[in-house]
Amino acid sequence: MIDRMSSEEIASAVCLAAQDVFSTMLQLPLASDPFHDEAPEPESLDGVVALVGIAGTWIGTGRIACSPQFACRLAGSLLMQPCEAVNEEVLDAVAEVANMIIGNVKTIFEEKLGPLGLSIPTVIFGRNYKAHSAGVPKWTVVPFHTGEENWTISFCVVPTKMHVHQAPRPDAVPVA
Amino acid sequence: MPLDVLIVDDSAAIRKILHRVLVQADVPLGKVHEANDGLEALEKLRAEKVGLILSDINMPNMDGIELLGKLKNDDDFKTVPIVMVTTEGSQAKVMQALQLGAVGYVRKPFTAEQIKEKLAGII
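Chains as they are written, first to last, in the working numbering: chain U, 220 to 395; chain R, 3 to 125.
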């Protein structure tokens with residue numbers, strides 16, 4: 220039974236899922252920089268953040284963070300119409316982009332971790348706010364750039380207590 | 003005869019995209035109705051008959067799998083073709099939807115061509 224997902228595995232799944240969504244539905248260029256891990260300290264955030272949770276024997280959260288300008292560009296590409304300012308329509312479009320990317324990460328994870336559920340996306344838009352996810356040991360952060368716009372996808376995933384309790388001890392003797 | 007369609011998705015963006023794809027597709031399109039979730043879809047279907055349903059799975063209030071099960075157990079709706087258009091890509095969910103009676107399954111992200119091909123095989 221798997222008891223951890225490496226940052227490399229998480230970053231690889233995030234890149235694959237993002238590339239799929241960007242090439243299929245957004246027709247926007249996408250390049251990534253090397254991932255890094257971050258402590259879960261609340262940081263001051265500006266702009267648009269979309270959060271989608273996963274749950275099952277493993278739990279976690281995927282987070283897309285970008286500027287208001289890039290949120291408008293994402294929405295404009297998805298809806299094939301100009302989007303000038305962050306409004307309900309733009310936030311809904313960013314939520315759907317997050318839903319597709321994190322949903323596809325979840326599908327990749329399911330091959331190793333078994334069935335997982337996906338939450339309804341939540342989108343936050345504001346200035347100088349802090350976000351905190353309880354019980355998260357670290358975020359794996361993948362920086363992306365689309366043209367001159369820089370944005371990130373962060374992901375954390377950990378086994379639940381139920382999963383840990385179900386895991387066989389290394390010295391356990393199999394029962395015939 | 004024009005084909006009336008119901009699009010069920012909690013994302014207004016996806017409803018808009020699917021509506022546009024339907025308009026572009028080579029089908030005799032009638033009215034296109036929209037619902038935010040399974041519960042709203044059932045309400046719309048009580049008032050409007052449709053010939054095709056495109057439905058997401060992960061939605062608040064009533065998800066697409068529950069909606070599918072209810073419609074396939076209802077004599078008034080069990081012959082209406084339902085295509086799932088969803089982020090849910092796990093084989094278990096695909097099998098569950100097909101066993102419940104969905105005629106097709108399109109995974110998000112999708113291209114307009116994938117939707118059109120799926121419709122061509124149904125209509």
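C-beta: ideal position from N, C-alpha, C; glycine also.
Using beta-carbon distances, residue 259(U) does not count as an interface residue toward chain R, since no partner is under 8 Å. In the displayed model, residue 337(U) falls within a strand according to three-state DSSP.
The C-beta distance from residue 268(U) to residue 282(U) rounds to 6 Å, short enough to fall under 8 Å. Boundaries of the alpha helix (DSSP H) harbouring residue 318(U): 307-332, taken from the DSSP string. In this model, residue 270(U) and residue 3(R) are separated by some 43 Å (Cα to Cα).
Straight through space, the alpha carbons of residue 342(U) and residue 265(U) are spaced by roughly 13 Å. Here DSSP, grouped into helix, strand and coil, assigns residue 124(R) to helix. Contact between residue 89(R) and residue 337(U) holds: CB atoms are separated by about 7 Å, below the 8 Å threshold. Relative to the Cα of residue 57(R), the nearest Cα in the group 98(R), 84(R), 93(R) belongs to 84(R). For residue 118(R), same chain residues with a beta-carbon under 8 Å away, outside a window of 5 residues either side, are 23, 26, 27, 28 in chain order. A direct Cα-to-Cα measurement between residue 276(U) and residue 331(U) gives close to 11 Å. For residue 248(U), the CB contacts under 7 Å within the same chain, skipping 5 residues up- and downstream, are 365, 366 in chain order. A straight-line Cα-Cα distance of about 25 Å links residue 359(U) and residue 311(U). Annotation: residue 340(U) to residue 8(R) spans about 23 Å, alpha carbon to alpha carbon.
Residue 53(R) sits close to residue 82(R), with the two beta carbons spaced by under 8 Å. Within the segment 5-33 of chain R, contact with chain U at the beta-carbon level (separation under 8 Å) is assigned to 12, 13, 14, 15, 16, 18, 19, 22. Listed along the chain, the chain U residues whose CB falls inside 9 Å of the CB of residue 94(R) are 329, 334.
Of the residues assessed, residue 77(R) falls on the exposed side of the cut-off, its CB having fewer than 16 other CB atoms within 10 angstroms. Within the model, the alpha-carbon separation for residue 250(U) versus residue 233(U) is close to 12 Å. At least one C-beta of chain R is nearer than 8 Å to the C-beta of residue 339(U).
By the CB criterion at 8 Å, residue 308(U) and residue 49(R) fall outside the cutoff.
Taking the beta carbon of residue 60(R) as reference, the chain U residues within 9 Å of it are 318, 322, 336, 337, 338, 339, listed in sequence order.
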